[in-house]
Amino acid sequence: SGHSNSKGFLKFYNENINSNTILNYLNKNLNEVCRIYFIIDACYSQNFILNINKNYTFIEKIYFMGSSMDYEKSKEIEADYDENMFEELPLEDCNKIIVGIFTLYFVKLLLIRNIEDIIKFKNIINDKLWKMISINLIKQYIIVKY
1 SGHSNSKGFL
11 KFYNENINSN
21 TILNYLNKNL
31 NEVCRIYFII
41 DACYSQNFIL
51 NINKNYTFIE
61 KIYFMGSSMD
71 YEKSKEIEAD
81 YDENMFEELP
91 LEDCNKIIVG
101 IFTLYFVKLL
111 LIRNIEDIIK
121 FKNIINDKLW
131 KMISINLIKQ
141 YIIVKY
């Protein structure tokens, strides 16, 4: 969950990075073949996969799940802070946060369904609760496999 622009660049701190920059870095530093999964909750998230290079030595497949189409802004919501959702960077003295609707419900559903394996997260789109959430709150999301 974060910020991006209409040209497909995600904002990381003070840098704007596109998918090829990330994939090139990973491919250069990997020593065995793997699959890459991008889950992007940001404005214009579909643009992140535009012009993606598909020829990598160590990247077998690329999966992408995005919260918005190439022309859409993502939607945010004020939610109760749940420290279980922020294992790596817990916030102190916080009871409310602003978070992407896609991220909030995606993570909540992973927790409810006890899904810890990254491979199994793809099945979440077939979950009845996810379908209800996406129809009522998210409206559109995209899934792409290269």
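In terms of the working numbering, the sequence shown opens at residue 1 and continues consecutively.
Beta carbons are placed, not taken as given, at the ideal position from N, Cα and C, and that holds for glycine.
{"Asked": "Rounded C-alpha distance that separates I124 from K131", "Found": "9 Å"}
{"Asked": "Distance between N126 and K7 (C-alpha atoms, nearest Å)", "Found": "30 Å"}
{"Asked": "Cβ pair F64, C34 closer than 8 Å", "Found": "no"}
{"Asked": "Coil, strand or helix - N5 by DSSP", "Found": "coil"}
{"Asked": "Closest residue to Y13 among S19, Y25, H3, N20 (Cα-Cα distance)", "Found": "H3"}
{"Asked": "Boundaries (first-last residue) of the alpha helix (DSSP H) holding V107", "Found": "101-112"}
{"Asked": "Straight-line Cα distance separating I62 from A42", "Found": "18 Å"}
{"Asked": "Coil, strand or helix - N55 by DSSP", "Found": "coil"}
{"Asked": "Backbone secondary structure at I115 - three-state DSSP", "Found": "coil"}
{"Asked": "L10 - containing beta strand (DSSP E), residue span", "Found": "10-12"}
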